[in-house]
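S.K.:
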Amino acid sequence: MVLINQVWQPLPGTRQAEIYPYLRKPDLLSSNSCLIRTPEQIIMIDAGALAAQTADLGRILKECLRERSRPVIIYLTHCHIDHCLWLSKP
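0 is the number of the first residue of the sequence shown in numbering that gives the first Met the number 0; add one for each residue after it.
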């Protein structure tokens, strides 16, 4: 599967799940992130650390929650600052 950056696309092998990859060149300050949405929940994998990434992911999450209220579940692949700093932002 080839992921298209920053575009909602069907997640193969699932029912009604879509993935929004936020792909960037990983560095010391940030990593790739993914959002997965289903009718029942939204999943974030690695929140990232850069201000622009924070703003973009926050905007996408808000749009999803406006469409339908549902729980947001956050998974961190590991606890390095480039994967989790966004979680400390208001």
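Even glycine gets a Cβ: it sits at the ideal position worked out from N, Cα and C.
According to the neighbour-count rule (16 or more other Cβ atoms, all chains shown, within 10 Å of its Cβ), is M0 buried or exposed?
M.R.: Indexing the sequence shown from 1 puts residue 0 at position 1. With fewer than 16 other Cβ atoms within 10 Å, it is exposed.
S.K.: Kindly identify the DSSP beta-bridge partner or partners of I73.
M.R.: One-based indexing of the sequence shown puts residue 73 at position 74. Answer is M43, bridged to I73.
S.K.: Going by alpha carbons, who is nearest to M43 out of I72, G57 and I59?
M.R.: Numbered from its first residue, the sequence shown carries residue 43 at position 44. Among I72, G57 and I59, the Cα nearest to that of M43 belongs to I72.
S.K.: Determine the DSSP secondary structure at H60, reduced to helix, strand or coil.
M.R.: Here residue 60 corresponds to residue number 61 of the sequence shown, with the count starting at 1. According to the sequence provided, residue 60 is Leu. The question's His does not apply to it. Here L60 sits in helix by DSSP.
S.K.: Assign Y19 to one of two classes, buried (16 or more other C-beta atoms within 10 Å of its C-beta) or exposed (fewer than that).
M.R.: Here residue 19 corresponds to residue number 20 of the sequence shown, with the count starting at 1. It is buried - the Cβ of Y19 has at least 16 other Cβ atoms within 10 Å.
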